[in-house]
Structures are given as C-alpha cells and as structure tokens.
Amino acid sequence: MRALGLFCPVVLMIAACSTPFPPPIGSSHPDETAPRRGGTLHLASFADVRTLDPAVASDDLASAMFEEIFAGLVDYDAQARIVPDLARRFEVSPDGLTYRFFMREGVRFHDGSELTAADVKRSIERALHPTTPNPAASLYDTIAGFDAYTSGKAEHLDGVVVEGQYVVAIRLKETDSRFLSVLALHPLRPVCPSAGDRYKDTWEPCGAGPYKLVPGSWDRGRSLVLTRHTGYFVPGLPYIDSIEWTLSMNRAGELYAFEDGNIDLTHDLGDAELEALRADPRWARFVSAEPDRTVDGEVMNTEIPPFDNIEVRRAVASAIDRGQYHSYKPESLSPSGQALPPAVVGYDPHFVGQTYDYDAALAHMAKAGFPYDPATGKGGYPRAIPYLLVRQGATEYTAQILQQDLAKIGLRLELHLVNWPTFLSLAYTRGAVAMAAPGWAMDYPDPSDFFESLFSSKAIQGEQSSNTAFYRSARVDDLVERARHELDPVARLALFTEANHIVCDDAPWAFTDTRRFEDVAQPYVRGFKPHPVWTFYTATTWLDRPGSARRDALGFLWSHPAQSLHTAARARLSGRSW
Amino acid sequence: MTRGRDERGSPSERFRRNRPALLGLALIGALVIFAALFPLLSSHDPFVSDFAHGIAPSGGPMPPGRAFLLGTDRIFRDELVRLAYGARLSLFIALSATLLATLVGAVVGILAGYFGGTTDFVLMRVVDVGLAFPFLLLVMAIGAALGKTTPETILLVLGLTGWLGTSRIIRSKTIQLRHAHFVVASRALGQSTTRILTLHVLPNVAGPLTVLATLSVAQMIVAESVLSYLGAGIAPPTPTWGHMLFEGQDVVLVAPWTLVAPAVAILVSVLAFNLVGEGLRDALDAQQMGRR
C-alpha cells in the first residue's frame, strides 16, 4: 500500500508535465461558408437545471435552454439590442405608458397550435399569478393592475389587453424605461396551451422557440435532448437536428469528453485549462470570449465598523492595486474600478472610477481617524476585520492579495473560510458580514440592473438583500428613480453615469474587475458566436463534422498512451474544483 | 524485512548499523534545520507576494531559478520559504499531535490491558466507536464548531483522534505483561498497582510505543496535509504543505513546480519518519526477543 502511495504522486507529476492537448478535430469543409443542415450538437454543463418552466426559473444555465425552447415578443440580438421576435414590430405610445405588439401570424407552438395574442396574455398571467413562485415577478411591477393581480384581488391582469388575434397591448401604471429590457427576458414568454393558465410543476416544457424538448428525454439531473422545431417561424432555422445536453458533469469529465470530441462546445472550463488552450496555437482561435457580464469587487458593509466610515471605504478603494490583482488573475478577468461591466449599455471604457493611489489611501486613513505609519507599522484600525470567503474558491487568492494591500494602510483582515451555502446565507444577510466579495452577474444588459439591485436603498432587505453593502444614498436613490421614468435614452444614461460617479466616490464597493466566460468550440462547430446575454444561442450554428470523428477511447489510448495517461492524471487532479 | 535479522549488540548499536534508518534520521535532521533556519535566512517573506520580480514574462508564476530557487506560487510568493514555513507547521502539528496521541493511547491501553473486565470492555468500546466514526467528518465538525482552525485546534483534533490504534496495541502488550512472571511476582510481594504500572509495565511497553509514535508522526504529517488539502486545515495565508498542494493542482499545467515542491516535501518527510520507525522496530524487537 505504501509503495503504491508513493508511486501515484510521481506518476501524476510526470503525466501532468507532458503535452497538454490532443489536436483539434477539423471541419470537413473548412472553406465553405454556406450552412449545412443536420447533425447533433453535444453540450455539457457543470450545473443542473431545477426547472424548465420560464415562469419560475432563476438559474443561469436554464436561461441558455429557455432561449432555445421559448420565443418572446421581443428578444436580444447578437449585439444585445432589443429586437422584435414573435412580434413583427412594436410601438410605444408618446406618453411611454402603452406598448403595442403586432405579432407574426401563423406562428406555431411545438405542439402545433397557433400562437395568438390570447396566448401571450395567458402566459403573462400564468407567470405573475400569486400562486406561481416566480422569483423575477417584481421586475414587472409597473404593469397596470400588477398589485391587484399579484395580491389576488383581481381575476385578470388589467394592463395586458388582447386587441385583436395578433395584437396585444401592455399598459404601464407609470413610465418604466427598462420595461422592454425586462420583457425580453424569459419569465413572461409564451408557453403552449398545455401549460394552462396556472403554474404546475409537472408540466412538460413547450414553447415556440427553435428547439423543442423531446418528450420523456429529460432525465433530471443527468441529461435532456432537444430537437428541431419544424414549425419554427424563421424559415430554414435551426440548422442542427438535435441538441444532447449532459447535466451535472464534473469539469474534468467535461474536459476529457471535449478532448475526445464527445462534446462539441464548452462553456465551463477552468481558467487553467483555458490558459493552456490559449497557449496552444492549434486551439487558440477556437476559444472565444463572451462579453464581460459580471462585476467583482470587495463589498464593504456600510453598517458595520470600520466601513460605516466613508474615509475607510475610500482608503480601501485607493489601496487596491488593481494591476496586481490582474497579474494574478487569469485573462478572463479585466481590472476595473467602476460599477458597470462592458456588456451593459452605458458602459464607458474611458471612465476611470476608483484607482490605486497609495498616498491617497494613507491620507483617507488619517482623515478617518486611524492614521498609519508604514515606516514603523504603527497606527491603523486597531481590530482585525473579518473577511468572509468561500473555501477553495477563486477569491481565496484575491483575498490574500487584498490582505497584503490593506495591511499596508493599517487594516488587518482575518480570513474566514466557509462553504458555499454558508457564504450564500451570510453574505446577503443584514449585519452579518463586514467584508466579502460576492460579485454581481448581469440579469439584463441595462445599468438599472446594477444600480437598482446593488446601490438603491429599496434593495436593502434583512435576508437575501441584493444590496450587500447595505448602502444608502439619497442622491443615488433619486437618480435611480428618475432614470426609471426617463424615456430619453441619452438623458437616462447621463443619470446612471452620475450615479456611477457617486458610487465610486462613496465606495460601498471597492470595484476590482469585470469577468467573462469563455467558450471553446470544436473547429467543426460553425457559425457559433457567444451571445452577449444568453451564453449559447445555437439556432444559427451548424455542424460540419468529418464522418466518424469521435475518438474511440480505447483506440486513442493505444495510439497516444502518454496523452491518455496525462489526461487521466489531469482529470484526477482537477476533479475537485475549478 | 527479508534479510536476516540483525541481533548482535545493544539496540542502539543495531540502530546505528541500520543504514536506511540513519538516512531517515539525517533527513529528519535536515528537515528540522530547514524549517527552523531557512525562514530566518531567506530574503523572501512567506506572506508577501513579489509582484516586481516573482512574475514570469508569460504572466504566470516564476519558474525555479536563481532568485526563487523553487519558483513562485500562484500569487507570486517564494515557494521555498513557504515550504520551510509549512515544514515548521507540519512538524509542530505532527510531533505535538503524536505526543498527545501516544500519551492518551498509552494510558488507555495500559489501563484496559492491566485491569481487564469492565474497564477493558468500556474503554475498548469507546475505541470501537472512535474507529468507526468518519474521521474527516469529525474534524470538519470540530472545525465548524470552533469557527476557525488554528494549529492548536488541528493538533488537538489529530491528537485526540489518533490514539485509538496505539491503545489497541498497547493493550494487548499489557495483557501479555500482566501474566509475566516478574509482574505476578511483584504483585505477590505486595507492590502497589501504581508502582507495578510505572516500574514494570511502562518500561516494557516503551519500545513498541516509541516505534508506534515514530510511525505515527508520518501518519500525522499526511493527515494534516489531507485536512489542509481539503480546505479543513489552517486558513490562508499561513502556508501548509497540504494547502500548497491544493493551490498547485489548479496551475499544474503552467506551473508544475507548485505541485511538485509540496508533494516531494510530504513524500520525503513521511519516508524519513517511516525509515526511522522501522529502524527502531528492528532494533527494539530483537531486544525483546532476547529478553523473553
């Protein structure tokens, strides 16, 4: 036993140092640009989906699936612009209170029935009904009659009016500049008549999107199969016959399957794998970045000392050398000192926001009443500040760099490592955590998603508070409220720009970077581009795969023994977490 | 050992003739000196990233070279000085935990073996329960209950869970001794139980106890590494070998030294303690055979 114990690490070490990746499987017609029809796309995911009902879902992965299964009145295009989809066109009344959608005629649901304005109203009422556990319902609270309907006082949602078989109007009780942005999300998308007018968790998902779920194929927690919706309203699309989606696959397994050509497209690889792929000239061009949708930063609880002192927060924001953060952090992260990521409308790449300035940080500490002398190490805040982080998560490293940076201005961090569920329950609870870095991933590409959720006092709650800094500013509240009613896009963005400046100065967050996912597609997956909002959107993707290119595991082992050993070693090494 | 048993001379002479055991002893000595002195002599700080010199041109950790003999880790701290600092912790925890475990194991084993009956039954059922309890779960539970883990909590946890095997072996040894002529004679002469236990039983189980303890140090090093590797050990930035191993595995493709260095450190130290432990066993076993 002991001999084996010694042997294993040595084998792993040797194996781990050999050639990283097998060559990619090429496209069989690399020069042709005309899409080909047919084939099966194999996808895998680290996560699982709890539900495929758009009315109740909240996980990220489900959103990629919804986009294949359900079509909406409006949608986000490849540039994240809002475009009509089930609607041919739409118009907004001059007072900004009525949105009228003129729908395509003859659109078929997956079950063959026609999609009409009545289905739109039924689906919206189903999604917002008080018995439906819809976590996103409050996004739609400006629809006229929302309060009466969701409290059970009204039988129907007054604001949604069927004006003809193919015309539906949505009236708002007040102007809401983000209404189209949230309407383009999935919760209110039309569902088949089989869904009925009330949410039931036994319903088999059915919509009007490019793919339909193969009945009985959803093996919960393991896999599901989508197949082309032959009645899809865009002629000729989609190109691919079917999508086989493996769920809850560990990342090492996913990488292994990808290397073998058993998975065609992956979104889940770890930073180290991506780095190795980018470094391999044969693979580099098949790695593509999704736009940055996530903002990271060190969140300081403005209700807990020392961060109730604005000067301490400013000191922290100035003490973080974001360039150093970046030198540790992999390429999927870009240093940033502001509240918005590039994927959001209104992001200004020239706005600098918070920056590293050591002298300023020391000056802020002095102003805060905790002067620190770096030469003697005397002064600073007298107590250790607990910093909450997920054990063995990516923040373990940034937290240590932060700890070094803050020690230089007299703030002593004590790292408290907890597991993921504990982190989730504490980081969003009032009065629980002085400092943590929970980050924020965009729900929809609009600044309101960031400022309303993270920095408005309305978002402060005892538990599950999205305002994790518990920050309140009358000025930011006012700007956010005005922006909500401002219909002129330019004036509206100006309001958010001002809010961005205030938030950077008040520093409830010390913003550090924005983050993106990177997708790797096999060369034979053609026409694929990461979608700025939905991750995968494969209706315009096609496959051009050589005959039987899937690698036979045994044959591969025979022909590339070192390679296989290496892959197995890496699978074992990376089995824990990426 | 397949080669013929060396039964000439005193135990210490036999140990001195045992080349592998001497090598083990030398390795332990080297490890202790490395742990004690290197952090003092090195110009690098185990807790501070060197963003100026510790980054390779590719942007990753610096490979081994003149400035950093073993390269730098994920956040550009000197790997070698962290390894030395980690050695302090590993050795401190392993030795203290072993001391604790040996003490508890010896007391429980001697009491159970000598008194037998109900005492033996109760103590051995406690041992059964302890052996049946999932070790990692227990450690994690204690860690969670304490809120955070420090070197002291880890050594307590390891010490208080590591005595079970020792007590079993010492118990059976004591049962043999209980019926030995010199013990029976002492009893007949009216010596007190305390005297018999301390003067006759303890010296005679000291040999196996030393061997068990030495081998146990190696196990404790591994146990501490496993805990740190799984994230149940001491919180960063304090370097421990197990946690360095964990940090290294993520970047093994770009910076294999971050995995190899702690792996080799664990391997060498475990090997050293095992060699010494086996050397001691060979030396002491022959002595006891001679006596019987």
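In the order they appear, the protein sequences are chains A and B. Using the numbering used here, the letters of the first sequence map in sequence onto residues 1 to 578. Using the numbering used here, the letters of the second sequence map in sequence onto residues 1 to 292. All C-beta atoms, glycine included, are put in the ideal place defined by N, C-alpha and C.
- Measure the alpha-carbon distance for residue 571 of chain A versus residue 253 of chain A and round it to whole angstroms. Summary for residue 571 of chain A: the model assigns pLDDT 41, below 50, so the residue's position carries little reliability; its value from the coordinates is reported in the next sentence. About 7 Å.
- Indicate the three-state DSSP secondary structure (helix, strand or coil) for residue 284 of chain B in the structure shown. helix
- Query: Looking at C-alpha atoms only, which residue of B:166, B:136 and B:216 is the closest neighbour of residue 276 of chain B?
  - Reply: B:216
- Range covered by the alpha helix (DSSP H) that runs through residue 91 of chain A: No alpha helix (DSSP H) contains residue 91 of chain A, which is instead part of the beta strand (DSSP E) from 87–92.
- Item | Contact with chain B by residue 401 of chain A, beta-carbon distance below 7 Å | yes
- Message: Between residue 21 of chain B and chain A, is the shortest Cβ-Cβ distance under 7 Å, so that the two count as touching?
- Response: no
- Message: Would you call the segment 235–247 of chain A in contact with the segment 34–45 of chain A, where contact means no fewer than 3 C-beta pairs closer than 8 Å?
- Response: yes
- State the CB to CB distance for the pair residue 75 of chain B and residue 401 of chain A, rounded to an integer number of angstroms; the pair is presumed to be in contact (CB under 8 Å). 6 Å
- Residue of A:339, A:288 and A:174 minimising C-alpha distance to residue 449 of chain A: A:339
- Task: Would you mind sorting residue 15 of chain B into buried or exposed? The rule is 16 or more other CB atoms within 10 Å of its CB.
- Result: buried
- Message: Mapping the DSSP letters down to three states, classify residue 157 of chain A as helix, strand or coil.
- Response: coil
- residue 117 of chain A at chain B interface by Cβ criterion, 7 Å: no
- Query: Counting contacts by CB-CB distance shorter than 7 Å, is residue 169 of chain B in contact with chain E?
  - Reply: In the structure shown, chain E cannot be found, because the protein chains are A and B.
- Query: In the segment 400–440 of chain A, which residue ranges form an unbroken alpha helix (DSSP H) of at least 4 residues, counting only runs that do not cross its ends?
  - Reply: 420–427
- By a C-beta neighbour count over all protein chains shown, 10 Å radius and 16 as the cutoff for buried, is residue 455 of chain A buried or exposed? buried
- C-beta neighbour in chain A for residue 75 of chain B, strict 7 Å: yes
- Task: Mark residue 531 of chain A as exposed unless 16 or more other C-beta atoms lie within 10 angstroms of its C-beta, in which case mark it buried.
- Result: buried
- Should residue 225 of chain B be counted as a contact of the ligand GTP given a C-beta to heavy atom distance under 6 Å? Among the components of this structure there are no ligands whatsoever, and the ligand GTP is therefore not found.
- Give every residue of the same chain whose Cβ lies closer than 8 Å to the Cβ of residue 355 of chain A, excluding the five residues on either side of it in the sequence, and list them in chain order. 318, 322 and 337
- Keeping to the same chain, check which residues put their C-beta closer than 6 Å to that of residue 285 of chain B; ignore five residues upstream and five downstream. none
- Query: Leaving out five residues before and five after residue 523 of chain A in sequence, what residues of the same chain have Cβ atoms less than 8 Å from its Cβ?
  - Reply: 24, 25, 26, 27, 30 and 286
- Grab the span of the alpha helix (DSSP H) containing residue 483 of chain A for me, first residue to last. 474–485
- Message: I want to know whether the segment 43–55 of chain B touches the segment 218–225 of chain B - three or more CB-CB distances under 8 Å.
- Response: no
- Task: Could you tell me whether any Cβ in chain B is nearer than 7 Å to the Cβ of residue 394 of chain A?
- Result: no
- Query: Which full runs of the alpha helix (DSSP H) of 4+ residues lie inside the segment 273–322 of chain A, going along the chain?
  - Reply: 310–319
- Query: For residue 420 of chain A, does the count of other Cβ atoms within 10 angstroms reach 16, so buried, or fall short, so exposed?
  - Reply: exposed
- Along the segment 248–264 of chain B, what residues have a CB closer than 8 Å to any CB found in chain A? 249, 250, 251, 252, 253, 254, 256, 259, 260 and 263
- Query: To the nearest angstrom, how far is it from the Cα of residue 111 of chain B to the Cα of residue 188 of chain B?
  - Reply: 20 Å
- Item | Buried versus exposed call for residue 137 of chain B [16 or more other C-beta atoms within 10 Å across all chains shown] | exposed
- Task: Please report the Cβ distance between residue 89 of chain A and residue 102 of chain A, rounded to the nearest whole angstrom; I am assuming they are in contact, meaning their Cβ atoms lie under 8 Å.
- Result: 5 Å
- Query: At a CB-CB cut-off below 7 Å, which residues of chain B make contact with residue 397 of chain A?
  - Reply: 74 and 75
- Closest by C-alpha distance to residue 267 of chain B, when choosing among B:199, B:175, B:90 and B:103: B:90
- Item | Per-residue DSSP class, three states only, for residue 164 of chain A | strand
- Query: Is there a Cβ from chain A that is less than 7 Å from the Cβ of residue 55 of chain B?
  - Reply: yes
- Message: Buried or exposed for residue 364 of chain A, going by 16 or more other Cβ atoms inside 10 Å?
- Response: buried
- Item | contact_flag[the segment 359–376 of chain A, the segment 398–415 of chain A] where n(CB pairs < 8 Å) is 3 or more | yes
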